[in-house]
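Numbering (the numbering used here), first residue to last: 3 to 172.
Reading through the structure tokens given below for one structure.
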Ligand SMILES: Cc1cc2nc3c(=O)[nH]c(=O)nc-3n(C[C@H](O)[C@H](O)[C@H](O)COP(=O)(O)O)c2cc1C
């Protein structure tokens, strides 16, 4: 599968089979995160792999009851371990770095036939308590990982001419 096929065909999965995720597939997904770029190549991140059923349920509760999170056999919680670093452009490095890694995770998972769903709606304090995450570490996102139990959804996107301009902002 080429990159554009993965980008254009993947969609968020919000229903999962109980089928476990093979270890080699999980490792490949985590490798995709490890190899992703980061600001000054600092790699200030940690990816917590959660398989424990009770913990997954707790994470689903921390994500305001999005129960499909707990139904997937694996949840990856993506954290920035150095949240103070601000890039010259004014953006916090950890948010950008961890988001790129999550995008790579999602695309790699898709190539392997696995579904994911970027989760941004969660209570960070609750998530940190559940996973024993230190105070200074920030939770940027989480995603369930598993075999989708739903057909892919059709993409709804703005047209290119609505989001692209040339030479100057229009
Ligand atoms: C930053 C971010 C936060 C998101 N948070 C959630 C979430 O908490 N729950 C959810 O079901 N989907 C969440 N999504 C998924 C989006 O709703 C989804 O990507 C978007 O509707 C486009 O659909 P697609 O992923 O199927 O292409 C999030 C996506 C992003 C990028």
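Don't be surprised by glycine CBs; every beta carbon is placed ideally from N, CA and C.
Checking the 6 Å criterion, the Cβ of residue 14 is within range of a heavy atom belonging to ligand 1. Taking C-alpha positions only, residue 111 is separated from residue 65 by approximately 21 Å. Taking a 10 Å sphere around the C-beta of residue 20, we find fewer than 16 other C-beta atoms and assign the residue as exposed.
If you ignore the 5 residues before and after residue 120, its C-beta comes within less than 8 Å of the C-beta of 14, 104, 108, 143, 145, all in its own chain and listed in chain order. Residue range 70-73 is occupied by the alpha helix (DSSP H) that includes residue 70. For residue 57, the enclosing alpha helix (DSSP H) has its first and last residue at 55-64. Residue 121 has its CB nearer than 6 Å to a heavy atom of ligand 1. Closest option to residue 82, judged by alpha-carbon separation, among 68, 53, 49, 58: 49. Look at the beta carbons and you see the segment 20-35 touching the segment 72-82: at least three pairs across the two are nearer than 8 Å. Here DSSP, grouped into helix, strand and coil, assigns residue 15 to coil.
Of all alpha-carbon atoms in 116, 89, 4, 47, the one lying nearest the alpha-carbon of residue 141 is that of 47. Under DSSP, the beta-bridge partners assigned to residue 117 are 148. Taken through DSSP and simplified to helix, strand or coil, residue 88 comes out as strand.
The Cβ atoms of residue 58 and residue 51 do not sit closer than 7 Å to each other. The continuous beta strand (DSSP E) containing residue 80 extends over residues 76-82.
Contact between residue 150 and residue 17 holds: their C-beta atoms lie close to 7 Å from each other, under 8 Å.
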